[in-house]
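Asks: For reference, the structure I am asking about is given below.
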Amino acid sequence: MATRITPKDLEHYHHEGYIILRGAFSPARVKSLVDGVNRIMDLALEGKCQMGWLDKERRLPARIGNMLHPDKYQPAFAQWLDEDLNPQIEALIGGPARHSLFGMLAGGAGDPYLQAWHRDIGKPGAPDEVEFLHHHHGRFVQFNASLVEDDHYLNIVPASHLRASTAQEIAVSGRKGFTRTGTGPIAADEVRAIEAWDKEQPMPGGMVVRMEPGDIAYYNANLWHRGWNPAGGKRWTMHSAFWKPQYPVMSHEHGQREVMLTPGHLDRMPPVTRAYIQRYLDVYPEGKPKSLLEI
Ligand SMILES: O=C(O)CCC(=O)C(=O)O
61 MATRITPKDL EHYHHEGYII LRGAFSPARV KSLVDGVNRI MDLALEGKCQ
111 MGWLDKERRL PARIGNMLHP DKYQPAFAQW LDEDLNPQIE ALIGGPARHS
161 LFGMLAGGAG DPYLQAWHRD IGKPGAPDEV EFLHHHHGRF VQFNASLVED
211 DHYLNIVPAS HLRASTAQEI AVSGRKGFTR TGTGPIAADE VRAIEAWDKE
261 QPMPGGMVVR MEPGDIAYYN ANLWHRGWNP AGGKRWTMHS AFWKPQYPVM
311 SHEHGQREVM LTPGHLDRMP PVTRAYIQRY LDVYPEGKPK SLLEI
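Heads up, the sequence shown is in this note's numbering, so the first residue is 61 and it goes up one at a time.
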């Protein structure tokens with residue numbers, strides 16, 4: 061059985077804005093997820109689904125989104141959500157949750173990935189920043205869970221999720237990021253310049269999240285954070301987000317209704333995953349979706 065969230069974990073999560081559970085999933089579970097990703101690559105190579113590649117010949121995928129959609133769906137993903145993730149997610153957001161995003165961050169082939177430091181929904185420097193951060197805390201949760209060794213690509217500033225941004229944080233975050241998509245020339249000079257900048261003026265309090273297969277980091281995506289893989293090391297990190305069910309589907313997660321309602325798709329899901337998707341469908345807006353900043 062997967063690791064359960066303890067009251068101490070919960071306290072840490074609320075206070076620090078993140079919690080890392082080590083060895084949370086069995087080797088068999090991790091293998092089933094890796095097999096699932098490999099199956100998606102097989103399907104893509106057979107022309108049965110679309111995905112991006114960092115290097116197709118070497119089977120190095122680019123970031124994969126929408127892994128619960130019919131073309132990429134693998135029973136292993138849903139079994140993981142049903143059996144292992146659900147109790148953890150429910151503990152962290154205090155009750156049932158709904159689907160938002162479900163995918164995998166990927167790196168490899170020496171392709172640099174250097175995100176700028178950011179808060180996902182924050183308004184750094186705004187007069188109502190603190191109020192805004194408190195308004196969102198506990199409504200949603202995000203995770204990174206490694207499937208391959210030596211995952212050290214997520215950087216965070218612990219305990220930055222509920223306080224005003226400092227002038228230094230705002231200055232550091234203003235630096236340009238750089239993410240490769242697997243196409244186009246590698247801007248080596250640009251990468252070197254960004255790395256040099258980063259070493260000269262690091263983010264105060266920045267921490268590298270180190271994980272091995274079976275580990276998971278849950279975090280409030282309003283923590284200052286970034287993905288940082290300048291050398292383009294191999295990375296397969298499951299990356300998903302969930303919301304409390306009463307929050308209507310927003311613009312960044314919109315557009316999944318029709319595909320989720322593909323005949324037979326919901327019927328093949330185990331009950332908990334199906335309920336996560338159903339709760340997403342239940343709060344799907346008929347008109348224009350609101351943005352994260354509007355809810
Ligand atoms: O690469 C990561 O781990 C962070 C990803 C992230 O912050 C994002 O997609 O917004």
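Heads up, the beta-carbon is just placed ideally off N, CA and C, and yes, glycines get one too.
Note that the structure is a prediction, hence the values are computed from the model and not measured.
Any chance the CB of Leu165 is under 6 Å from a heavy atom of ligand 1?
Replies: Numbered from 1 along the sequence shown, position 105 holds the residue referred to as residue 165. Answer for Leu165: yes, Cβ within range of ligand 1.
Asks: Going by beta-carbon coordinates alone, are Gly274 and Gly83 separated by less than 7 Å?
Replies: Along the sequence shown, read from residue 1 onward, the residue named residue 274 stands at position 214. Along the sequence shown, read from residue 1 onward, the residue named residue 83 stands at position 23. Taking 7 Å as the Cβ cut-off, Gly274 and Gly83 qualify as a contacting pair.
Asks: I need the DSSP call for Gln261, collapsed to helix, strand or coil.
Replies: The count along the sequence shown starts at 1 and reaches residue 261 at position 201. Coil at Gln261, not helix or strand.
Asks: Going by Cα to Cα distance, which pick from Ala136, Cys109, Gly154, Gly168 is closest to Glu117?
Replies: For the purposes of this step, residue 117 is taken as the residue at position 57 of the sequence shown. That would be Gly168, whose Cα lies nearest to the Cα of Glu117.
Asks: What does a CB cutoff of less than 7 Å around Ala136 pick up in its chain, not counting 5 residues either side in sequence?
Replies: For this step, residue 136 is matched to residue 76 along the sequence shown. Ser92, Leu93, Asp95, Gly96.
Asks: Hey, would you say the C-beta of Gly287 is under 6 Å away from at least one heavy atom of ligand 1?
Replies: Here residue 287 refers to the residue found at position 227 of the sequence shown. Yes, since a heavy atom of ligand 1 falls inside the 6 Å radius drawn around the Cβ of Gly287.
Asks: What three-state label does DSSP hand Tyr213 in the structure shown?
Replies: As a working note, residue 213 is residue 153 in the sequence shown. Tyr213 falls in the strand class under three-state DSSP.
Asks: Compute the beta-carbon to beta-carbon distance between Ala227 and Thr297, rounded to the nearest angstrom, for a pair I have assumed lies under 8 Å.
Replies: The residue labelled residue 227 in the question sits at position 167 within the sequence shown. The residue labelled residue 297 in the question sits at position 237 within the sequence shown. About 31 Å; that fails the 8 Å criterion.
Asks: Among Lys294, Pro264, Tyr133, Val217, which one has its Cα closest to the Cα of Val319?
Replies: Indexing the sequence shown from 1 puts residue 319 at position 259. The option with the nearest alpha carbon to Val319 is Tyr133.
Asks: Ends of the alpha helix (DSSP H) at Leu93?
Replies: Taking the first residue of the sequence shown as position 1, residue 93 is located at position 33. Its alpha helix (DSSP H) spans residues 87–105.
Asks: Please tell me whether Ala301 and Leu161 are closer than 7 Å, where the distance is taken between their beta carbons.
Replies: Here residue 301 refers to the residue found at position 241 when the sequence shown is read from its first residue. Here residue 161 refers to the residue found at position 101 when the sequence shown is read from its first residue. Yes, the pair counts as a contact, with Cβ atoms nearer than the cut-off.
Asks: If I follow the unbroken alpha helix (DSSP H) through Ala227, where does it start and stop?
Replies: Walking along the sequence shown from the start, residue 227 turns up at place 167. From DSSP, the alpha helix (DSSP H) with Ala227 extends over 227–233.
Asks: Would you decide whether Glu346 is buried or exposed? Buried here means 16 or more other CB atoms lie within 10 Å of its CB.
Replies: In the sequence shown, the residue the question calls residue 346 occupies position 286. Exposed: under 16 other Cβ atoms inside 10 Å.
Asks: Could you pull out every unbroken beta strand (DSSP E) segment of at least 3 residues lying fully inside the region 146–219, listed in chain order?
Replies: The region 146–219 contains these whole beta strand (DSSP E) runs: 158–167, 200–206, 211–216.
Asks: Which residue wins for smallest C-alpha separation from Met128, given the options Arg158, Ala151, Pro147?
Replies: For the purposes of this step, residue 128 is taken as the residue at position 68 of the sequence shown. It is Leu, not Met, that sits at residue 128 in the sequence shown. Comparing Cα-Cα distances from Leu128 to each of Arg158, Ala151, Pro147, the minimum goes to Arg158.
Asks: In whole angstroms, what is the alpha-carbon distance linking Asn146 and Val332?
Replies: Here residue 146 refers to the residue found at position 86 of the sequence shown. Here residue 332 refers to the residue found at position 272 of the sequence shown. Straight-line Cα distance between these residues: approximately 8 Å.
Asks: As a quick exercise: from Ile181, Val201, Gln202, pick the residue whose alpha carbon is nearest that of Phe192.
Replies: Walking along the sequence shown from the start, residue 192 turns up at place 132. Selected option, being the one with the closest Cα: Ile181.
Asks: Helix, strand or coil for Ser300 per DSSP?
Replies: Locating residue 300 in the sequence shown gives position 240, counting from the first residue. It is a strand residue.
Asks: Just to confirm, does Asn280 get its C-beta within under 6 Å of one of the non-hydrogen atoms of ligand 1?
Replies: Here the question's residue 280 lines up with position 220 in the sequence shown. Asn280 Cβ: outside cutoff for every heavy atom of ligand 1.
Asks: What are the partner residues of Asn289, as DSSP defines its beta bridges?
Replies: Start at 1 with the first residue of the sequence shown, and residue 289 comes out as number 229. The partner list for Asn289 (beta bridge, DSSP) reads Tyr173.
Asks: Closest to Ser352 by C-alpha separation, out of Ser220, Tyr340, Lys183, would be which residue?
Replies: The residue you call residue 352 lines up with position 292 of the sequence shown. According to the sequence provided, residue 352 is Leu. The question's Ser does not apply to it. Nearest option by C-alpha distance: Lys183.
Asks: Of the choices Gly77, His74, Ser86, Glu76, whose alpha-carbon is the least far from that of Thr63?
Replies: For the purposes of this step, residue 63 is taken as residue 3 along the sequence shown, with counting starting at 1. With distances taken between Cα atoms, Thr63 lies closest to Ser86.
Asks: Taking its Cβ as the centre, do 16 or more other Cβ atoms sit within 10 Å of Val201, making it buried, or is it exposed?
Replies: For the purposes of this step, residue 201 is identified with residue 141 of the sequence shown, where counting begins at 1. Burial call: buried.
Asks: Would you kindly check if the distance between the Cβ of Gly287 and the Cβ of Tyr173 is under 7 Å?
Replies: Here residue 173 corresponds to residue number 113 of the sequence shown, with the count starting at 1. Here residue 287 corresponds to residue number 227 of the sequence shown, with the count starting at 1. Closer than 7 Å, so yes.
Asks: Using 6 Å as the cut-off, classify the Cβ of Leu81 as near or not near the heavy atoms of ligand 1, replying yes or no.
Replies: The sequence position of residue 81 within the sequence shown is 21, counting from 1. No, the beta carbon of Leu81 sits no closer than 6 Å to any heavy atom of ligand 1.
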